[in-house]
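Residues 3 to 298, numbered by my numbering, are exactly what the sequence shown covers, in order. Comments concern the structure below.
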Amino acid sequence: MHEQKFGGDWTDLKLSCLDAYLESYRSIFSKNTNAQYFNTWYVDAFAGTGSRSIDAATGPLWNVEPDSDIDCDPDAVAYRDGSAMIALGQDSPFDNYLFIEKSKTKSTALQSAISEKFPDLTSRCTIVRDDANTALTTWVKERNWNKDRAVVFLDPFGMQVNWETVELLGSTGGIDLWYLFPFVARLLKQDGNIDDGWRERLTNLLGTDEWFGHFYKKTIQPGLFGDYEVTQRDATVENIQNYIHDRLKTCFVAVAPSMILRNSKNSPLFALCFAASNEKGAPIALRIAKSILKDQ
Ligand SMILES: C[S@@+](CC[C@H](N)C(=O)[O-])C[C@H]1O[C@@H](n2cnc3c(N)ncnc32)[C@H](O)[C@@H]1O
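Given below as structure tokens:
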């Protein structure tokens, strides 16, 4: 059986935040009589196999193909639940589950894991083998956002989420988003000399090319043959974190301060972000997410 192999302590952190939020979310929707009117969805757009081996700690994989073996370790000895199993294992289950996974091997493994561990919930589950952006776009357009409410979890390896997808999720007014935003510091070269391909990918990730002006400053230096212009990186962890926050604020009603997930060498790998799109529900959603992020 193929199992996933990625993540160290930061993986535990992101999954425990998700777990705690799903528990609170379902508790509200199952206990509050007004909220019971809604049809709840859990959407895992990078679902994986359902479980993960615990002996590896990698960061964002900027160039990985979904079907590569980089996260598969048939010899791994110990596994923990991944996001899909955590969502299905909630005491109060969601009305519907959508799992999106591009890899054929992994989506098949996920299907088997659901049938084996949660036979009573299989009728509530849909597995779509496709690109996350494509599948999310179709799913959002098929919903009735007066009646549907969802928690969407975006847990990519790297820069697979297009900004248009984030905008679309924010526009629904019915989605709470947890997004493991790849921490782009490593791609921001000191002198700003970033090749066109990477520039384009950063623009696609952040939804604007204004990131360059935000992460680099130009100064005039005196030289032997007159003054000249120097481009220098100005991208502290805080600066990048604030920028991601500001970008999310352009399409969601409320955004929590993100948590930086770091590897064992203390390098930032991802910003774990929470954003709420429902005007009425946002204050309570934000309060819950903030307290979860603070307690970790
Ligand atoms: C970090 S793993 C997800 C782990 C999962 N959330 C868990 O906790 O078990 C990312 C997954 O996304 C899949 N993937 C990569 N690119 C994708 C894409 N464009 N659309 C959908 N899935 C993709 C990979 O095959 C991989 O299984």
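The beta-carbon is built from N, C-alpha and C at its ideal position, and this holds for glycine as well.
Local conformation of residue i per DSSP, three classes
i, result
"D46", "strand"
"S53", "strand"
"V255", "coil"
"T221", "strand"
"V161", "Checking the sequence shown, residue 161 turns out to be Met, not Val. Reduced to three states, the DSSP call for M161 is coil."
"K143", "helix"
"A89", "helix"
"V66", "Note that V66 scores 48 on pLDDT, short of 50, meaning its location in the model is unreliable; the coordinates nonetheless yield the value given after this. DSSP places V66 in coil when its eight states are reduced to three."
"V130", "strand"
"I30", "helix"
"I242", "helix"
"F214", "helix"
"E231", "strand"
"A58", "Its pLDDT being 48, under 50, A58 is placed unreliably in this model, and the coordinates cannot settle the point."
"P184", "strand"
"I196", "coil"
"D97", "coil"
"D178", "strand"
Any non-hydrogen atom of ligand 1 within 7 Å of residue i CB
i, result
"I102", "yes"
"P285", "no"
"F159", "yes"
"F272", "no"
"G50", "yes"
"Q162", "yes"
"S304", "The chain is shown from 3 up to 298; residue 304 falls before or after that span and cannot be answered."
"K106", "no"
"A291", "no"
"A134", "yes"
"L17", "yes"
"G91", "no"
"A86", "yes"
"R203", "no"
"D325", "One cannot answer for residue 325 here, as it falls past the ends of the chain, which runs 3 to 298."
"R21", "It is Asp, not Arg, that sits at residue 21 in the sequence shown. Because no heavy atom of ligand 1 lies under 7 Å away, the Cβ of D21 does not count as near it: no."
"D46", "yes"
"R249", "no"
"R54", "yes"
Residue i classed as buried or exposed, judged by whether at least 16 other C-beta atoms fall within 10 angstroms
i, result
"D297", "exposed"
"G172", "buried"
"E103", "buried"
"F48", "buried"
"F227", "exposed"
"Y39", "exposed"
"T13", "buried"
"K108", "buried"
"S114", "exposed"
"S105", "buried"
"T167", "buried"
"G84", "buried"
Cβ shell of residue i (< 8 Å), same chain only, five flanking positions each side left out
i, result
"L15", "M261, L263, L274, Q298"
"W200", "L189"
"T124", "I116, S117"
"I222", "D229, Y230, E231, V232"
"K330", "Because the chain spans 3 through 298 in this model, residue 330 falls outside it and cannot be assessed."
Sequence-distant residues of the same chain with beta carbon closer than 7 Å to residue i, five excluded per side
i, result
"P270", "F185, A187, V239, I262, R264"
"S94", "R28, S29, S32"
"Q92", "L24, E25, R28"
"C127", "Y99, F101, I116"
"L204", "V186, L189, W213"
"A278", "D178, F254, V255, A256, A284, A287, L288"
"K251", "V257"
"L208", "W165, R249"
"I294", "C19, A22, Y23"
Other residues of its chain near residue i: CB distance less than 6 Å, five sequence neighbours each side excluded
i, result
"E281", "V255"
"Y44", "A89, F96, Y99, V153"
"V79", "Confidence at V79 is low in this model, with a pLDDT of 49, below 50, so its placement is unreliable and no value can be given for it."
"A37", "I30, F31"
Exercise. Is it a yes or a no for the stretch 266–275 touching the stretch 178–191, going by three-plus beta-carbon pairs under 8 Å?
Worked result: Below 8 Å, enough C-beta pairs join the stretch 266–275 and the stretch 178–191 to call them touching: three or more.
Exercise. So, do the stretch 158–165 and the stretch 26–40 have three or more beta carbon pairs nearer to each other than 8 Å?
Worked result: Result no; under three Cβ-Cβ pairs closer than 8 Å.
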